[in-house]
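Reviewing the structure listed below.
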C-alpha cells in the first residue's frame, strides 16, 4: 500500500518514534518497594520482548524492518532465509495471533497495583507521572500493539485481491534469494507463476483505481529482472500485464473516508480525521514557506542555487532509515513503508550542520507537504490532477 504522499504531513511524529527516540532509560538507583517492583517488571518484560519480535520473522516486510537487506550481500540472515509465500494469508494470521497472545501474557505485571496503573493509563491515554521507567515500558507496549494492529490491517487488505496485489508482488522482490540453493529456483518459479495467475484471475472491471493499476505495474517492473530467466513465471507476468492494460479502472481513489480514517490511525498514528488533513497540511506548508522565503531572500545567486539542489536531493533521495540492531523492541525497527519517506526527511533537520542545510530541509519539507495536499485532494469531492495542483504549488523546479 503506497500511501506515502497522503500521510507525509503527519508521519513525522510516528517516524520520530520509530527512528529518532531517546536512548532507553537505565534502571534507577532508588530502593523503595514500589521502585523495586517496577524495575523487576520492566526487566522481565524486556527479557521477553526480543523473542516476541523474533517470532514475527516469517513476515517478510517485518523481517526487512529488523534486518536491512543491503547488509546481506556479504552473508547473513537474508541469504539463509527460505523464500516465504506472502499469499499464505492463513499462516500469516496464525503467526500474528501467536505473537499477540504471547505479548498479552507479559504485557501486564503479576503485581495487581501495577496492573491497575498500566490499565488506567492505557484507558485514559495519560502519562504515568514521574515513573519514567514505567512510562517507557508503556510506550514500548503501545508501540507493540500498534505494530500488530497495523499488520492485521495490512493482512486483511492484501487478502482482498487485487487491491493488495502490488504490495504482495513487491514482497517477492524484497525476499528474492541472493544465493539460491540447488533446485530452489524451480520451486520459486512455480510459486511465483501461480501467484501471478491468482492476481490476474482477481482482476475485474473497476476493481482497481488508475493509481493502483500504476502501482501494480511498477511492482511488476521491479520483479521483472528476477523472473526474466524463469519461463513460466515470465509468461505469467506477460499475461498479467496484458490483462492490466485491457481492464477498466476508476479514475479516482476507491477508499471512502471511513477507510482513510482507519488507515491514518493505524499506519500513521494520526490524531485527526481525514477531513481535517488539508487544513493542517496547508498551515504546515505555509510555515515552511515563510521560513524558506526569508532565508532565500538574503542569499546570493550561487548559494541560492546550492540550496535548491540540496533540497531536491533531500526530497528525491532513497529513504535511508534503518533498524537499530540488535533489535530488542518495536522502537528499534526501521519504519514501515508508509513512514519511511517521512523518517528520512525528518533526519534532514537532525543532519543539518549549517544555515544553508536547514534552509534546504525547509524547502524539502514544504514541497513534500504540497505533495501530501495533492494526495488528499485526489480523495476529495473533485478528484482531478489539475484541481489538486491548483490547491498548492511547489517551490523547487521539479
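Residue numbers (the working numbering): 4 to 401.
We treat Cβ as the ideally placed atom computed from N, Cα and C, and that holds for glycine.
Between the options, which has its C-alpha nearest residue i's C-alpha?
i, options, result
"residue 93", "300, 166 and 155", "155"
"residue 122", "105, 135 and 144", "144"
"residue 104", "56, 343, 208 and 87", "56"
"residue 271", "204, 345 and 165", "345"
"residue 49", "382, 265, 335 and 369", "335"
"residue 40", "117, 80 and 65", "117"
"residue 169", "361, 212 and 292", "212"
"residue 374", "355, 284, 297 and 210", "284"
"residue 161", "44, 186, 215 and 314", "215"
"residue 308", "69, 80, 363 and 268", "363"
"residue 262", "252, 276 and 255", "276"
"residue 43", "150, 137, 259 and 147", "137"
"residue 288", "370, 332 and 343", "370"
"residue 330", "147, 69, 204 and 355", "69"
"residue 358", "298, 372, 192 and 239", "298"
"residue 372", "332, 204, 282 and 320", "282"
"residue 333", "58, 36 and 37", "58"
"residue 134", "112, 38, 301 and 110", "38"
"residue 342", "244, 223, 86 and 323", "323"
"residue 260", "107, 280 and 245", "280"
"residue 191", "88, 384, 200 and 353", "88"
"residue 177", "119, 120, 72 and 210", "72"
"residue 166", "286, 218 and 115", "218"
"residue 188", "164, 252 and 234", "234"
"residue 184", "107, 86, 146 and 209", "86"
"residue 84", "101, 99, 102 and 63", "63"
So, with DSSP's three-state summary, where would you put residue i?
i, result
"residue 43", "helix"
"residue 300", "coil"
"residue 212", "strand"
"residue 253", "strand"
"residue 276", "coil"
"residue 386", "coil"
"residue 178", "coil"
"residue 86", "coil"
"residue 322", "coil"
"residue 231", "coil"
"residue 4", "Since pLDDT at residue 4 reaches only 46, below the 50 mark, its modelled position is unreliable, and no value is offered."
"residue 337", "coil"
"residue 332", "coil"
"residue 60", "coil"
"residue 53", "helix"
"residue 114", "coil"
"residue 166", "coil"
"residue 3", "With the chain running from 4 to 401 in the structure shown, residue 3 is simply not present."
"residue 327", "coil"
Taking the continuous alpha helix (DSSP H) assigned at residue i, which residues delimit it?
i, result
"residue 261", "260-266"
"residue 399", "Unbroken run through residue 399: none, as it is neither H nor E."
"residue 63", "63-69"
"residue 80", "80-83"
"residue 346", "340-353"
"residue 377", "358-380"
"residue 202", "187-205"
"residue 108", "92-110"
"residue 139", "135-162"
Given the structure, does residue i come close to the ligand HEM, in the sense that its CB is under 7 Å from one of the ligand's heavy atoms?
i, result
"residue 149", "Annotation note on the ligand HEM: not contained in the displayed structure, which lists no ligands."
Please go through the same chain and pick out, in chain order, the residues whose beta-carbon is closer than 6 Å to the beta-carbon of residue i, but skip the five residues on each side of it.
i, result
"residue 250", "206"
"residue 198", "90"
"residue 365", "291, 294 and 295"
"residue 377", "391"
"residue 66", "60"
"residue 255", "386"
Here's a check: name, in chain order, each residue in its chain whose Cβ is nearer than 7 Å to the Cβ of residue i, leaving out the five neighbours to either side.
i, result
"residue 237", "230 and 231"
"residue 368", "291 and 348"
"residue 140", "45 and 48"
"residue 175", "195 and 226"
"residue 173", "222 and 225"
"residue 96", "158"
"residue 179", "229"
Going along the chain, which residues of its own chain have a beta-carbon closer than 8 Å to the beta-carbon of residue i, five neighbours each way excluded?
i, result
"residue 390", "380"
"residue 258", "266 and 382"
"residue 268", "none"
"residue 220", "244 and 247"
Hey, is residue i's beta-carbon within less than 8 Å of any beta-carbon in chain B?
i, result
"residue 70", "The structure shown contains no chain B, having only a single protein chain."
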